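Please read the structure below before turning to the comments.
Residue numbers (the working numbering), protein chains in the order written: chain C, 52 to 219; chain D, 0 to 105.
What follows is the structure, encoded as structure tokens:
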């Protein structure tokens with residue numbers, strides 16, 4: 052429970068940093084902290100492979116891409132007064148209400164966790180072998196579609212940032 | 000072991016913070032960061048429920064973790080395309096403020 056509380060504190064602090072810090076670089080680094088704490092949480096939830104993937108793909112590749120673009124575009128601090136003054140309190144109210152609603156539903160419909168042995172036996176630490184078995188049976192179609200999606204994403208990213216030949 | 004409800008509550012808090020950030024932020028890059036936060040909150044709930052459902056057997060419980068893997072791949076593609084769009088917008092406008100973007104508006 053203590054581990055969970057520490058990780059939760061780090062995650063919530065990072066998330067608040069993401070939505071309040073003025074420098075985009077600082078916000079992105081706060082998100083990296085949140086994602087790393089999330090990876091540790093995955094390990095405590097018997098999902099070791101996904102924890103490693105979270106560090107490599109999310110905290111590594113995706114956030115590096117973000118930092119790269121922030122530095123490339125040289126986005127300086129720019130948080131002028133909001134156009135609608137009621138927007139911020141309304142957003143905070145809606146966010147609080149939604150989070151409280153989800154948490155309330157989760158706590159009213161409590162079911163006890165299976166025994167520790169059952170969890171360890173079924174998940175086997177969420178190893179790559181166990182996840183691969185699911186990916187290549189139940190999620191076979193989704194797996195193929197994701198491959199196509201990644202290829203489309205690569206082509207789209209290249210063609211979006213390509214300058215017109217006549218302008219060059 | 001910590002019960003699933005606490006993980007789901009934490010996930011809900013992270014999702015709410017992401018939603019607040021998405022609404023209140025005005026720079027497109029910072030809105031994008033908030034969206035990533037919401038995606039990860041959903042992943043956390045999914046993995047927590049994968050552990051909860053182990054009593055139903057392996058093929059049921061591991062579907063949660065498999066879904067998280069698929070979501071990670073989709074998020075990677077989404078970030079590549081989204082940042083490409085941002086760079087293209089920035090080239091034309093030298094700003095990532097979303098309020099000024101009204102070209103699509105007829």
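Here a beta-carbon is modelled for each residue, glycine too, at the ideal position from N, C-alpha and C. Since the structure is predicted, the reported quantities are computational estimates derived from the model, not experimental observations.
1. Using a Cβ-Cβ distance cut-off of 8 Å, determine whether residue 135(D) contacts chain C.
2. Use the C-beta contact count for residue 52(C): other C-beta atoms within 10 angstroms, 16 or more gives buried, fewer gives exposed.
3. If you draw a straight line from the C-alpha of residue 39(D) to the C-alpha of residue 213(C), how long is it?
4. For residue 26(D), write down the residues that DSSP places opposite it in a beta bridge.
5. Using beta carbons (cut-off 8 Å, strictly below), is residue 1(D) in contact with chain C?
6. Given 8 Å as the limit, is there contact between the segment 31-48 of chain D and the segment 93-110 of chain C, that is, 3 or more CB pairs closer than that?
7. Am I right that residue 66(C) and residue 121(C) are in contact with their C-beta atoms under 8 Å? What's the rounded C-beta distance?
8. Drop a sphere of 10 angstroms on the beta-carbon of residue 104(C), count the other beta-carbons inside from all chains shown, and report buried for 16 or more, exposed for fewer.
9. Give the secondary structure of residue 189(C) by DSSP, where H, G and I count as helix, E and B as strand, and everything else as coil.
10. Got a sec, what are the start and stop residues for the alpha helix (DSSP H) residue 168(C) sits in?
11. Taking a contact to mean a Cβ-Cβ separation below 8 Å, would you say residue 114(C) touches residue 88(C) in this structure?
Taking the geometry as given:
1. Not covered by the structure: residue 135(D). The range shown for chain D is 0 to 105.
2. Exposed, because fewer than 16 other Cβ atoms sit within 10 Å of the Cβ of residue 52(C).
3. When rounded, the distance between both Cα atoms is 31 Å.
4. DSSP lists 96(D) as partners of residue 26(D).
5. Cβ-Cβ to chain C under 8 Å: yes for residue 1(D).
6. In short, these stretches touch, since the Cβ pair count reaches three.
7. With 8 Å as the limit, residue 66(C) and residue 121(C) do not qualify as a contact, their Cβ atoms being about 18 Å apart.
8. By the neighbour-count rule (16 or more Cβ atoms within 10 Å), residue 104(C) is buried.
9. Three-state result, residue 189(C): coil.
10. From DSSP, the alpha helix (DSSP H) with residue 168(C) extends over 167-174.
11. The Cβ-Cβ distance between residue 114(C) and residue 88(C) does not fall below 8 Å.
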